[in-house]
Each structure stands twice: as C-alpha cells, then as structure tokens.
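Undergrad: Structure in structure tokens, see below.
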Amino acid sequence: RGTVRNVDALILIVESDRKTLETAERTLALARELGIERVLAVANRVHDDEDSEQIRAGLPPGIPIVGSIPYVDALRVAARRGALPDDLILPSISELLARLERLFTTPHS
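Numbered continuously in the UniProt record's numbering, the sequence shown closes out at residue 109.
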C-alpha cells in the first residue's frame, strides 16, 4: 500500500475484446482497494469506430478514454521482422503523450 501512496493515476490500456475489458474491471476494483481514485483508459489497437464504441461501452462507468492507439497492420508486419518504423505509430503516441501531460499538469477534482 505504501507503494501507491504517490500514484497520481492508473492508466488502463484496453482493447475491444471481452477479455481485456473484463481485466480492466478487475484492475479497477484492485485500484480502488489500494486507494487509487483516478483511473483513465487508453484504447489500443483500434481498427475503426466500432472498436472505439465497444471499448467505451465495455468500460466501467466513470473511466474516461484519454486517447487511442490505432491498429496498424504494417506495424505488426514490421515487428515480425524486428524493425519498428517510428513513422507508423509515433504521431499517435506523441498526441497521446501530449494529452496525458496536459491532464497531469492541470489540477483535477
């Protein structure tokens, strides 16, 4: 419990499948037990609006989605070859990091 004393928030990385969303629910319950009140979500491997909606609908109430990382098939192929070209994912990650930085430098209630 002392470990989480200085935790500002827990960020859940979630995908649109049921297993990931169930894991998010269990993790949220554990976070609450530990006294972590601020829990946020990042949607991962988002193919389309349907994936985004599935994630939004599957998350427990009150957990905001603060960003998303798109599914990029070329990234999967590149990873198999051991080369991860930055230009495939960096724009999404940079945008997400900027948003998180704004969230954590702005006082919240």
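Cβ atoms here follow ideal geometry from the backbone N, Cα and C, with glycine treated the same way.
Of the choices V66, E33, V72, R80, whose alpha-carbon is the least far from that of H47?
TA: Nearest C-alpha to H47: V72.
Undergrad: Checking 8 Å against the spacing of the C-beta atoms, do V42 and A9 come in under that value?
TA: Taking 8 Å as the Cβ cut-off, V42 and A9 do not qualify as a contacting pair.
Undergrad: Count the other C-beta atoms from every protein chain shown that fall within 10 angstroms of the C-beta of I13, then say buried if there are 16 or more, exposed otherwise.
TA: Exposed: under 16 other Cβ atoms inside 10 Å.
Undergrad: For the beta strand (DSSP E) containing V46, name the first residue and the last one.
TA: Taken as a continuous stretch (DSSP letters only), the beta strand (DSSP E) holding V46 covers 39 to 46.
Undergrad: Taking C-beta to C-beta, are I36 and I69 nearer than 8 Å?
TA: Not closer than 8 Å, so no.
Undergrad: List the endpoints of the continuous alpha helix (DSSP H) containing L75.
TA: Note, L75: alpha helix (DSSP H), 73 to 80.
Undergrad: With C-beta atoms as the reference, is V66 less than 8 Å away from L103?
TA: Closer than 8 Å, so yes.
Undergrad: Run the CB neighbour count on D49, radius 10 Å, all protein chains shown included, and call it buried at 16 or more, exposed below.
TA: D49 should be labelled exposed.
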